[in-house]
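S.K.: Before I ask anything, let me first share the structure, which is written out below as structure tokens.
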Amino acid sequence: MSRRIKKQYKAYRDDIRDLQTRRPVPGPEIDHLDPFLFLNHHGPQVYAPDNLGLPFGPHPHRGFETVTFILRGELSHADTGGHESIIGAGGVQWMTAGSGLVHSELSPESFKKKGGELEILQLWVNLPANLKMSAPSYVGLQAGDIPQIPLNQGEGSVSLISGELSGIKGPVETLTGVTMMTVQLAAGSEITLPAPATREVFLYTVKGRVEIAGQEAQAWHLIELDDSEDSVTVKALEDAVLLFGHADKIREPIVSHGPFVMNSVEEIDQAILDYQAGKFDALIDS
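Heads up: the sequence shown begins at 1 in full-length UniProt numbering, then just goes up one per residue.
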């Protein structure tokens, strides 16, 4: 038996400069899916040569984690914790903002010069109160660093970033036991994924139509599932790509203000003051 679809949330268009962007959460009908706070789906699109690249210059974060999936193209990362990398297609960046850092996410100079395909997902995952001031950290994974679990007869594969599947562990050790993966399915194929009923599932249809428990799910939709079973079976009605994960619900107050996500207004005010005072660098260096 499979979990069933409770509700679908269509990603709405919210372009950033010339970057095509869709966002299913937060949206008009859903604020968050505890502990999953936010998803931006950039592209797919093709950048011409001599382009300006991505617009995400230096900006701060505190209180949560960002997980960035580079499906096509390249992404350069640099932060005040001293982490730098350029991650290519199929790779992932997992950043724990924790107590606070400033980072930038830009296109490498080679991409701006040559152009090319680009498609990127960025997911924000909340941290509980006792971990919000954790030391910042960063893991940059190239496609070759991520286990690929093939499905039968070339029907697709799973890229396992964190958690465990089929006896294989993902390379990212998360603070809160988050399981996260991308799933590629050929038309007509089917996969059953663990989805413990006690945990919140995050399922976003990056590409293609799928069917869950007899109900169709469209592309570019966040799929909220019921908690009736401990697994979910997904059948691809056409070639499909899914972002799939699950995590324990935090069940704490959420107060967000731009790039800060805390538990109270007072903590948000303190985050702003600390950032304005340049303390994020000091927190990282201490």
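Even glycine gets a Cβ: it sits at the ideal position worked out from N, Cα and C.
#1: Could you check whether residue 76 and residue 86 sit closer than 8 Å to each other, using their CB atoms as the reference points?
#2: When the Cα atoms are used, what is the spatial distance from residue 278 to residue 62?
#3: Could you give the C-beta distance for residue 186 and residue 207, rounded to a whole number, given that I count them as a contact under 8 Å?
#4: Classify residue 122 as buried or exposed, calling it buried when 16 or more other Cβ atoms lie within 10 Å of its own Cβ.
#5: Who does residue 160 pair with in a DSSP beta bridge?
#6: Tell me, which residues are paired with residue 62 by DSSP?
#7: Quick one: is residue 273 buried, meaning 16 or more other Cβ sit within 10 Å of its Cβ, or exposed?
#8: Please determine, among 118, 189, 222, 229, the residue with the shortest C-alpha to C-alpha distance to residue 32.
#9: Residue 12: buried (16+ other C-beta within 10 angstroms of its C-beta) or exposed?
#10: If you measure between the beta carbons of residue 136 and residue 96, is that distance less than 8 Å?
#11: Based on DSSP bridge pairs, tell me the residues matched to residue 10.
M.R.: Answer, in terms of the structure:
#1: Here the question's residue 86 lines up with position 86 in the sequence shown. Here the question's residue 76 lines up with position 76 in the sequence shown. Yes; because the gap between Cβ atoms is below 8 Å, this pair is in contact.
#2: Sequence index remark: in the sequence shown, residue 278 carries index 278 (1-based). Sequence index remark: in the sequence shown, residue 62 carries index 62 (1-based). Approximately 13 Å, taken between the alpha carbons.
#3: Looking up residue 186 in the sequence shown gives position 186. Looking up residue 207 in the sequence shown gives position 207. Their Cβ separation, rounded to whole angstroms, is 12 Å, which puts residue 186 and residue 207 out of contact at 8 Å.
#4: Locating residue 122 in the sequence shown gives position 122, where the first residue counts as 1. The residue is buried, with at least 16 neighbouring Cβ atoms inside 10 Å.
#5: By 1-based counting over the sequence shown, the position of residue 160 is 160. Its beta-bridge partners are 181.
#6: The sequence position of residue 62 within the sequence shown is 62, counting from 1. Residue 62 pairs with 260.
#7: Here residue 273 refers to the residue found at position 273 of the sequence shown. Counting Cβ neighbours within 10 Å, residue 273 comes out exposed, since fewer than 16 surround it.
#8: Reading the sequence shown from its first residue, position 32 is the one you call residue 32. Out of 118, 189, 222, 229, 222 has the C-alpha closest to the C-alpha of residue 32.
#9: In the sequence shown, counting from the first residue as 1, residue 12 sits at position 12. Label assigned to residue 12: exposed.
#10: Counting from 1 along the sequence shown, the entry for residue 136 is found at position 136. Counting from 1 along the sequence shown, the entry for residue 96 is found at position 96. Cβ distance < 8 Å, so residue 136 and residue 96 count as in contact.
#11: Counting from one through the sequence shown, the residue named residue 10 turns up at place 10. Beta-bridge pairing links residue 10 to 221.
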